[in-house]
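For the sequence shown, the residue numbers in the UniProt record's numbering are 1 to 448. Note that beta-carbon positions come from the ideal geometry of N, C-alpha and C, so glycine has one too. To start, the structure itself, in structure tokens.
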Amino acid sequence: MFIPEYAKATSNFDGTKLAKVVRMNNISSRYDDDMDGFEEGLMTENNLGFRDRLYFEYSNQYMCEKLMARRQELEYLKNYGFDAAFTEQIDFCGVGVIRYLGIQNLLWISTTPLMDAVSYNLGVPSPTSYVPTIEENDNGDTMSFWKRAYNMIDPKFPHVREIAANASLCFVNADEMFDLPRPIIHKNIYIGGLGISEPKLLNEKFTALMNKGKNGVIIISLGTIVPFHVLPERVKIGFANVIESMSNYHFILKVSKGDNSTPSFFKDVPNCDFIEWLPQSDILAHPRLKLFVMHGGINGLEEALFRGVPVVVIPMFADQFRNGRNVEKRGVGKVILKLELSEDKIRSAIQEILSDNSYKQNAMRMSKLMREKPFTAEQRLVRWTNFAVENGILDVLHVQGSRLNSIVYFNLDVIAVVTLIICSLLIVVVKLSRAIRRALFARKVKRE
């Protein structure tokens with residue numbers, strides 16, 4: 001496993017137990033510098049603006065150039081003679097690195113539901129009438145005229161490369177039982193829920209926490225990138241008031257390490273504990289857990305649904321908005337937009353899910369579908385990877401649409417010609433009708 005250390009947070013994280021890890025240290029501080037400013041506008045704007053996205057692309061390019069300049073370390077990897085390589089879809093640097101290493105068999109991974117750039121590059125049909133774009137799009141698959149217009153003109157694809165279009169396979173980090181039904185191609189392999197294992201017994205500390213609360217336990221975790229302390233003060237107070245008023249439930253609130261400010265808002269709230277880390281997947285399987293309040297990241301969301309736990313989603317960025325609307329479509333939870341967070345909306349969403357058993361029933365049905373589908377994510381990943389390694393580049397799966405320009409792909413030339421013919425015929429008909437009318441009028445005048 002090759003880990004270029006763009007972020008300090010990855011310096012102590014391998015993500016693997018068996019593979020040999022090769023690190024490239026001290027590439028650039030650009031990523032950490034950018035993330036330091038990321039929180040500033042997080043709770044004041046729903047979406048990243050064009051300038052922010054352009055800057056993000058420039059940052060990726062800058063870091064990629066720094067990585068590619070470390071030729072000696074890359075040559076070390078090249079000498080292994082790998083048969084195939086995985087890379088994710090956030091930017092195309094990994095695709096270029098793999099080609100530089102002489103690895104022909106590219107296995108692409110979409111770490112969210114099928115990204116727009118990935119589907120576009122592979123030639124996967126993405127009808128904007130019912131397939132919402134991934135990034136920061138608060139649309140479901142049923143859209144009004146204006147929502148469809150926004151979805152069509154604002155997909156925000158990054159730059160695409162032919163090299164990525166030739167990927168043998170594209171593994172999609174989504175579960176087709178939960179994700180919105182959409183067109184795919186043969187090389188799209190869904191592996192949502194990969195790594196979700198059978199739950200382990202909780203240690204004494206967490207067992208004690210889960211036994212609190214007369215009616216059960218509720219977890220609140222907004223993820224690592226967007227910790228709880230970034231929420232506005234009024235929202236923290238709102239959460240504190242809601243939690244205090246629900247004394248029959250115990251709340252576990254995940255906070256970031258060193259966050260001393262958040263607990264001060266809850267000093268008079270006895271039914272809330274603060275945790276810097278928790279075995280999330282194992283806790284989600286506990287029978288006393290009633291609800292998960294989260295940010296809508298696809299991994300945590302699929303963990304919750306795999307365990308049959310309904311959710312309240314507060315989307316912060318990227319695919320989380322789309323995931324949240326899908327939660328509502330499936331009837332497994334509610335969404336609160338971050339700019340609309342208030343005490344009343346928090347209380348209303350939580351109480352509705354706790355009082356309406358249909359949310360739990362729908363979550364349990366989703367759990368059953370995800371568990372009992374014919375092949376597990378692990379089986380699909382391993383079998384398809386072995387198949388690709390044994391058979392080389394799977395060019396038989398390449399879609400011709402990935403090689404067409406936009407005019408040909410969308411039949412714009414055909415539509416233009418047909419439109420021209422129709423317009424020409426209309427013009428001819430109009431002129432003929434005028435000529436006939438003039439002739440009839442002239443004949444009438446002569447008679448008079």
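- By the 16-neighbour rule on beta-carbons within 10 angstroms, residue 320 is buried.
- With respect to the 7 Å criterion, residue 241 and residue 215 are not classified as neighbours on the basis of their beta carbons.
- For residue 6, the three-state secondary structure derived from DSSP is coil.
- Annotated three-state conformation of residue 194 is coil, per DSSP.
- CA-to-CA, the gap between residue 198 and residue 92 works out to about 35 Å.
- When secondary structure is reduced to three states using DSSP, residue 83 falls in the coil class, being assigned neither helix nor strand.
- Contact between residue 209 and residue 252 holds, with the beta-carbon distance rounding to 6 Å and staying under 8 Å.
- Remark: three or more beta-carbon pairs, one from each stretch, lie closer than 8 Å, so the stretch 171–180 and the stretch 111–120 are flagged as touching.
- Ranking 337, 332, 388 by CA distance to the CA of residue 362 puts 332 first.
- Judged by DSSP secondary structure, residue 108 falls outside any alpha helix (DSSP H) and instead within the beta strand (DSSP E) spanning 105–110.
- Rounded to the nearest whole angstrom, the C-alpha separation of residue 105 and residue 298 is 27 Å.
- Inter-segment contact for the stretch 60–71 and the stretch 344–361 is absent: fewer than three beta-carbon pairs are separated by less than 8 Å.
- Per DSSP, the continuous beta strand (DSSP E) segment holding residue 273 begins and ends at 272–275.
- Contact annotation, residue 308 with residue 364: C-beta distance approximately 4 Å; criterion of less than 8 Å satisfied.
- With a contact defined as Cβ atoms closer than 8 Å, residue 108 and residue 167 qualify at about 4 Å.
- Under the three-state reduction of DSSP, residue 248 is assigned to coil, being neither helix nor strand.
- Excluding the 5 residues flanking it on each side, residue 345 has same chain C-beta neighbours closer than 7 Å at 336, in chain order.
- A residue is called buried once 16 or more other Cβ atoms fall within 10 Å of its Cβ, and residue 72, having fewer, is exposed.
- A distance below 7 Å separates the beta carbons of residue 291 and residue 218.
- Per the C-alpha coordinates, the member of 1, 30, 411, 82 positioned closest to residue 392 is 82.
- Classified as exposed, residue 428 has fewer than 16 neighbouring CB atoms from the shown chains inside 10 Å of its CB.
- With fewer than 16 other CB atoms across the displayed protein chains lying within 10 angstroms of its CB, residue 1 is exposed.
- Three or more beta-carbon pairs drawn from the stretch 369–377 and the stretch 176–186 are found closer than 8 Å, and the two stretches are therefore classed as touching.
- Apart from the 5 residues on each side of it in sequence, residue 4 sits with its Cβ closer than 6 Å to the Cβ of 24, 27, 67 in its chain, given in chain order.
- Pairing residue 300 with residue 315 gives a Cβ-Cβ distance that is not under 7 Å.
- One thing to note: residue 259 has its Cβ within 7 Å of the Cβ of residue 229.
- Check the Cα spacing between residue 31 and each of 22, 10, 21: the tightest is with 10.
- When beta bridges are read from the DSSP output, residue 170 appears opposite 108, 188.
- Around the beta carbon of residue 186, a 10 Å sphere encloses fewer than 16 other beta carbons of the protein chains shown; the residue is thus reported as exposed.
- Counting along the chain, residue 291 sits inside the beta strand (DSSP E) bounded by residues 289–294.
- When DSSP states are grouped into helix, strand and coil, residue 221 belongs to the strand group.
- Residue range 377–391 is occupied by the alpha helix (DSSP H) that includes residue 383.
- Secondary structure of residue 176 (DSSP, three-state): coil.
- Taking C-beta atoms as the reference points, residue 388 and residue 394 count as a pair closer than 7 Å.
- Taking 7 Å as the cut-off, the Cβ atoms of residue 113 and residue 183 do not count as close.
- In the structure shown, the three-state DSSP call for residue 329 is helix.
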